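Student: Right, I'll just put the structure down here and ask away after.
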Amino acid sequence: MKWRGTTRAERRRLLALAVLGVLLLSPLRAHAYAGPGAGFAVLSSFWTLFVAFLYSIYAFVVWPFRQLFRLLRRRKAYGKAQITRAVILGFDGMDPELTERFIAEGRLPNLAKLRGQGTFRKLRTTYPAISPVAWSTFMTGVNPGKHNIYDFLARDLSNYLPYLSSAEIKGPKRSWKIGRYTIPLGSPRIKGMRRGIPFWHWLGEAGIFCSVIRVPVTFPPEKFPGVLLSGMCVPDLKGSQGTFCLCTTRASGDKFREGGVRVPIERTGSRCSSYVPGPEDPLSGGAGAELRVNFEIHPDKSGNQARFTVDSQSFALKVGDYSEWIPVKFKAGMGFSAHGICRFYLKELSPEVEVYVTPVNIDPGRPDLPISHPVTYSIYLAKLFGPYATLGLAEDTWALNEHVLDDDAFLAQCYANHDDRERMLFDALEKTQQGLCACVFDTTDRVQHMFWRYLDEDHPAARDVPRDQRPSVIQDLYVRMDELIGRVMKQIDDKTLLMIVSDHGFKSFNRCFNLNAWLHQNGYLALKTGKTESGDWFDDVDWSRTRAYTMGLNGLYLNLKGRERQGVIEPGADADALKEELRRKLDGLVDPASGRVGITGVFDCDSVYAGPYVDNAPDLIVGYGDGFRASWDSVMGKVTSQIFEDNLKAWSGDHCIDPRLVPGVLFCNRKISDEKPAIVDVAPTVLKLFGLPLPGHLDGKPWTVGASVVASVGTPTAPVAIVES
Amino acid sequence: MGSLGVNVPAAIVFGISLFIGLVMVIVFRHTSDQKAIHVAKDRLKAHLLALRLFQDQIPVVMRSYGRIVLATGHYLRLAFKPLLFVIVPMTFLIVQLDRYLGSVPLEVGQSFLVKARMADANALNDAFLQLPDGLATTAPAVHVPSENEVAWRMVAARAGDYIVNIQVSDQTFAKRLVVGSGLSRLSSVRLRGQFWKRIFVSGEPALPDNNFIEAIEVQYPARNITFAWIEWNWIWLFFVLSLAAGFLFKSILGIEI
C-alpha cells in the first residue's frame, strides 16, 4: 500500500473514487441513478446541451439566409465606413480643467497619450448643462427643442406640480374591482418622453451591431437591432428616483427632506426586527397601502457583527459593511408580487441599532419593468455577473447629504456599482468586435458632486476639515478612470475609433441662490396674504398675482395666460418685455455677501432652442456663476426669505450653471481638426464614420476625423493646445 | 392490488420516492456549495442567452458554445461532491428495493427454470435435484457443457416459500424460491464468492467455497407497475417520481440543485 506520503484529504479522495468506481462498474441498472440531486444535475446538463444543440441546428439552417441579409445590410453600412468599430466611453461630468491639471501632474498617462497623439478638446454642452439634457442631445444629435428634455423635472401646466421629464409610468389601463381589492389587468404603462432618434437606431438598421450600456435617458428602452441597458431615469421599485431607508432604534429624528424614509426597528430581547418599505400594493387601487418585506437582525455577542434574516435568506454583516445584493419579494396577495434587490449596510449595533438599506432596485434578473432591450439583456448580464444596480441614480447621494452614510460608505457604494459597469463594458467590448459599443459611467458625476468640498479651499461644507486632512477623492477618481481607459485601449485595434466624452464639466457649489425668493422679493412672484415663505412646490403661492416662477435647476417660467392654468401674462409683447426685464435684472446679479457675480448669463429659450417641442421649454435658462447654483429650496418650488445662502451639504460640486463655464471633455484616438466641437456633433460624426447618410433634421455637424490612430502602448508625447469653448 | 384495491407496489414506490426526494435535496443542500452551484447555473443560462442575443456575431456564438460546454463541466463537478455522499446509501437502498420491486414471484402452474452453473463440466452428470412437496419437474435435466450448466424445468402446484436442494456427489446446495403473489423479497441467484456481485444481485448467503457449484439461478418474471395508466419498471417510476418530489421540495425549501 502506498498510503505513506499521501495526505488525509488525498486518502479520502482516493477512497471515495474507489467506492464510486466500484459502484459505477457494477452492472446493475439502478446504479445509473443516485437520487434526485444527481438526476437534476444530469438532466440540467443534458437539457442545457440539448437546448444549445437545438439552437445550433436552428442557427445552422437559417445561417445562409441571415448571412445573405446581413451581407446586404452591411455592404450598405460598411461600404463607405472609415472604421469597423466605435467605442464611446462616457464619463458623466469629467471636467476638462481638472483633467488638464491631473495630466500636467503626470497622473493620467493614458489620457495624456490620447491628448498627445490624438485629440483633446473641450466639448461644448447643452443649455442647460444637465445630464439628461446633454446625453439626450448626445444620442439624438439634436437640440432640446427637438428631443423635449430640458431638465430632470417638467411642470404640469394644470397645477404647477413637477413630474419626471423623461418617462411617465402609469398603472395598467384596466382593472377589476372585487370588494376592497382592485386587480390590475395588464402591465404598467410606461411612456418615454424623450423624442428624437438615438444614432444607434440608424446604425442598427444599417446592420451595424450596437451595445449600449447605461446611457442616460434610455428608459423605457426602445426597440432597435442591438442590445441596450437603460441608465439614468430608471426608477426604483417604488417608482421614485431612489428612496433609501434608514432602519433605526432611535426614537425620533428629522424627516428626510427627500430621498429617504426612516423606519423603526423593534427590539425583542436581543433580536431586532424591521422592514424594507416597498411599492404600493397594486391591489389597493391607489389607496396608498405599502408593501413591505420584513427582516430580522440577530446581533452576536461581540457587538460588532449581526446575522440578518430576510425572507429565507440569511447573511452576516459587520458594522461598516455592505451586504451583497439581496433579492426581496414584495407579496401583494392573489399571486401578485414585485421583485427587487437591495443592499443592507450595518451602521451601528450598540448602543442603538441602525441599518441603511439602499433604494430597492428593479431586479435585473427578474425585471418587473423593462430596463433593457431586449428584456433578456438585463437578465443575461445578471446571470453572467450577478445582480447589479439598475436604478438610474444608483449612487445614493441623498443618504450622504442626510448624513445617513459617511464618505467611506458612499464611496464603497459608488465603486461597487462602478466595478459592475466595468464588467459590463468589457463584456460588451468582447461581444462587439464590429459596430458600436457605448457605455456611460456616472461615478465621475456622483463623486464630484459629493466631494468637491475637499477641492474647494473655502467650501462651507468642509470648513471643519483641515486642508491637510482632506482626502484626494476626486484625484483618485480621475486616476481610476484613466486606468480604465488604459485597459480599454489595450482591447482595441487600429480600425476602432475610441472616443471619451463627458456631458459637462464641474465647478464648486458653495453658494445657493433661491430664484423664487428673488422673484418674490422683486415683485414677480406673490404669496398668499400674510405669508412670507411658501412650502414646497409653491404651496401658498398666489398664482393670480404671480408673473414668473422657477422649479428645477435652471428653468425660469413665465406664468403665461392660456398656457399655465392660472396664467396672468399675455403671450406676445408682454411676455417678451417681461423676459427682457428679467434678463436685464438677473444677468450679472452680485452676491452681496461674497461680492461675486451669482448669475453670468440668462438665455432666452427662443434663441437657444428650435424644434417641435420648444413650447414645453422654460422661457429663460438661468446661467449661474462659478460657485453658485439654484438653492435646494428653489429647485423644489419653495420661496424662502433668504436669496443667497451657504451650501452646507455634502453635495458640494455642480454643473447646473452657465453652460459656457462647464464644457465637457472630448478625447479621441484620432486627430479631430474641428476647433469647437459640441456634444450635439457626436451622433452625426459616428454616423459619418460608419459611412451612413446623415438624417436631415440633425443639428450637429460631423467632425473631420483623421485616419492615424494612437497606439495602445507607448509614451505620451507633448500636449497640444486646448481650444477654449 | 391490495385488499382495498390499492396498487401496493405503486403506493410503495410513490411513498419512497417522496421521502427520498425530500431527504436527498436536504442532503444535497448540506453537502454542496449552494452559492457556487447557483453561480454556475446562472453562467450557463447567460451563455445560452448570449447565443440568442449575439446571434449575428459568429465568433461570439462560437465562444458561447465553448463556454456552455465548460460551464456544464463545471456544474457537473460541483454536483459531484453531493453525489459522493448519496451514491453509497442510495445504491444499497435501491438494491434492497429492487429485491422486492424488481421481480414478481413465480405463479402456481407456471413453468420456470432452475439453473446450476458448475465449476467443472464433468460434474454435470453428478448433479441431482431434491424437490420439496409442491414442486415438480416437467422435463428431464438439460446439460449445457459449453456453459458448465444444468437446467431443470419445473412447475409449482401451490403457493409457498420453497427450498430447492441440488445434490452433487455428497454435498447439497440450497436455493430459495417463492411461488405466489404480492410482495416478497426475491433473490434470483445464489453465488459462490464474487463479493461485490453478491452485494448487488444476490439476496442469499454465499455458496460454500471449494465446491462444485458456482451459482444457482431462478428466473423470476420482471415486475411492471401500473401508474398513471402507464406500465413502468419500478426504477423508472422511482426516477420520475423522486425527481418530481425533489423538484417540489427544492422549490419549497429554496435549495439550489
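Chains as they are written, first to last, in our numbering: chain H, 1 to 725; chain V, 1001 to 1257. Yeah, the Cβ is synthetic: ideal placement off N, Cα and C, and Gly gets one too. Since the model is a prediction, treat every value here as computed from it, not as a measurement.
1) State yes or no: is the beta carbon of Ile1016(V) nearer than 8 Å to at least one beta carbon in chain H?
2) Which residues in chain H sit within 9 Å of Ala1046(V), going by Cβ to Cβ distance?
3) Indicate the three-state DSSP secondary structure (helix, strand or coil) for Asp1161(V) in the structure shown.
4) How many Å lie between Leu436(H) and Val87(H) at the Cα?
5) Within 8 Å of any Cβ in chain V, is that where the Cβ of Lys638(H) sits?
6) Under 8 Å between the Cβ atoms of Met1154(V) and Thr1138(V)?
7) Take the Cβ of Phe219(H) as the centre, count every other Cβ of all protein chains shown within 10 Å, and call the residue buried at 16 or more, exposed below.
8) Excluding the 5 residues flanking Asn514(H) on each side, which residues of the same chain have their C-beta closer than 6 Å to its C-beta?
9) I'd like the list of long-range same chain contacts for Asp92(H), defined as Cβ closer than 7 Å, with 5 residues on each side in sequence excluded.
10) Can you find a C-beta in chain V that's less than 8 Å from the C-beta of Ser337(H)?
11) With respect to the alpha helix (DSSP H) encompassing His655(H), which residues constitute its N-terminal and C-terminal limits?
12) Do Gly392(H) and Met499(H) come within 8 Å of each other at the CB atom, strictly closer than that value?
13) Pairs of beta-carbons, one from the stretch 671–683 of chain H and one from the stretch 692–711 of chain H, closer than 8 Å: are there three or more?
14) Would you mind reading off the limits of the beta strand (DSSP E) that contains Lys238(H)?
15) Using a beta-carbon distance below 8 Å, is Tyr1065(V) in contact with chain H?
16) For Ala969(V), return the contacting residues in chain H, with the cut-off set at a CB-CB distance below 7 Å.
17) His298(H) bridges to which residues according to DSSP?
18) Just checking, does the stretch 1212–1219 of chain V make contact with the stretch 1179–1192 of chain V on the three C-beta pairs under 8 Å criterion?
19) Counting only beta-carbon separations shorter than 8 Å, does Trp1104(V) have a partner in chain H?
20) Does the beta-carbon of Met1024(V) have 16 or more other beta-carbons within 10 angstroms, so that it is buried, or is it exposed?
21) Measure the Cβ-Cβ separation of Gly623(H) and Val602(H) and say whether it is below 8 Å.
22) Which residues of the stretch 387–404 of chain H have a Cβ closer than 7 Å to any Cβ of chain V? Give them in chain order.
23) Using beta carbons (cut-off 8 Å, strictly below), is Asp1209(V) in contact with chain H?
24) If I follow the unbroken alpha helix (DSSP H) through Tyr345(H), where does it start and stop?
25) Is the separation between the beta-carbon of Pro172(H) and that of Arg189(H) shorter than 8 Å?
26) By the three-class DSSP mapping on this structure, what secondary structure does Met1062(V) have?
27) How about Val590(H): is its C-beta nearer than 8 Å to some C-beta of chain V?
28) Here's the rule I'm using: 16 or more other beta-carbon atoms within 10 Å means buried, otherwise exposed. How should His520(H) be labelled?
29) Pull up the distance between the alpha-carbon of Lys495(H) and that of Gln82(H), whole angstroms please.
30) Note down the Cα distance separating Cys414(H) from Met94(H), rounded to an integer number of angstroms.
31) Please identify the residue among Arg563(H), Lys383(H) and Ile679(H) whose C-alpha is closest to the C-alpha of Ala1040(V).
32) Please check if any C-beta of chain H sits within less than 8 Å of the C-beta of Gly1134(V).
33) What residue range does the beta strand (DSSP E) around Pro277(H) cover?
34) Between which two residues does the beta strand (DSSP E) harbouring Gly204(H) extend?
35) Would you identify the three-state DSSP class for Leu1078(V), choosing helix, strand or coil?
36) Expressed to the nearest angstrom, what Euclidean distance is found between the alpha-carbon atoms of Ala1050(V) and Phe152(H)?
Tutor: Based on what the coordinates show:
1) no
2) Ile379, Tyr380, Leu381, Ala382, Lys383, Leu384 and Phe385
3) strand
4) 6 Å
5) no
6) yes
7) buried
8) Ser631, Asp633, Ser634, Thr640 and Ile643
9) Ser131, Val440, Phe441, Asp442, Thr444, Asp445, Ser502 and Asp503
10) no
11) Element bounds for His655(H): n/a, residue is neither H nor E.
12) no
13) yes
14) Here Lys238(H) belongs to no beta strand (DSSP E), and DSSP marks it neither H nor E.
15) yes
16) Past the boundaries of the shown model lies residue 969(V); chain V is included only from 1001 to 1257, so the question cannot be answered.
17) Arg307(H)
18) yes
19) Here the sequence assigns Val to residue 1104(V), which means Trp is not the residue at that position. Answer no: the Cβ-Cβ gap between Val1104(V) and chain H never drops below 8 Å.
20) buried
21) yes
22) none
23) no
24) Unbroken run through Tyr345(H) is the beta strand (DSSP E), Phe344 to Glu348; no alpha helix (DSSP H).
25) yes
26) helix
27) no
28) buried
29) 8 Å
30) 16 Å
31) Lys383(H)
32) no
33) Arg271 to Glu280
34) No beta strand (DSSP E) contains Gly204(H), which is instead part of the alpha helix (DSSP H) from Phe199 to Glu205.
35) helix
36) 34 Å
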